[in-house]
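First up is the structure itself, then whatever we jot down about it.
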Amino acid sequence: MDRDETAAGLARLEGYLMSQAVLSEARRAGEDFARALSWLGPLEREEIARRFADEHLALRRQMLHAVVERAAELRGEYSDRYDLLRRRTLALAVTAMALFGTAAFLIAFLG
Numbered sequence: 000m001d002r003d004e005t006a007a008g009l010a011r012l013e014g015y016l017m018s019q020a021v022l023s024e025a026r027r028a029g030e031d032f033a034r035a036l037s038w039l040g041p042l043e044r045e046e047i048a049r050r051f052a053d054e055h056l057a058l059r060r061q062m063l064h065a066v067v068e069r070a071a072e073l074r075g076e077y078s079d080r081y082d083l084l085r086r087r088t089l090a091l092a093v094t095a096m097a098l099f100g101t102a103a104f105l106i107a108f109l110g
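Residue numbers (numbering that gives the first Met the number 0): 0 to 110.
Listed below in structure tokens is the structure:
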């Protein structure tokens with residue numbers, strides 16, 4: 000197994016563990032919410048807890064989707080800025096080399 004396969008496997012494992020933690024958190028939040036509604040019967044409490052957990056998970060998915068979209072936007076913006084900076088740096092380096100070359104030429108033949 001090479002390094003890339005190991006890294007990919009660890010990333011999948013990390014994703015699985017994170018999703019299980021979020022699922023557990025959603026269920027726990029749903030149960031806590033339903034437990035506070037003491038007038039509900041056991042079946043109603045289970046239904047409320049399940050629906051709360053489902054809504055909690057849906058909200059987390061929406062938030063994750065928004066973060067992923069924003070990350071892609073930022074990646075594009077920073078990539079564009081990096082490209083511009085790289086072009087400017089290259090232009091400055093070429094200009095400086097031309098100036099130094101011209102100065103060396105003038106010093107050699109006029110000096």
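Even glycine gets a Cβ: it sits at the ideal position worked out from N, Cα and C.
Model, not experiment: these values are computed from the prediction.
His55 is positioned such that its CB atom lies closer than 7 Å to that of Ala25. Its chain contains Gly29 as the residues whose beta carbon lies nearer than 8 Å to that of Arg50, once the 5 sequence neighbours on both sides are disregarded; these appear in chain order. In this structure Ala107 is exposed. Its beta-carbon is surrounded by fewer than 16 other beta-carbon atoms within 10 angstroms.
DSSP, reduced to helix, strand and coil, places Leu63 within a helical segment of the structure shown. With a 10 Å radius around the Cβ and a threshold of 16 neighbouring Cβ atoms, Ala33 comes out buried. The alpha-carbon separation between Val67 and Met17 amounts to approximately 16 Å.
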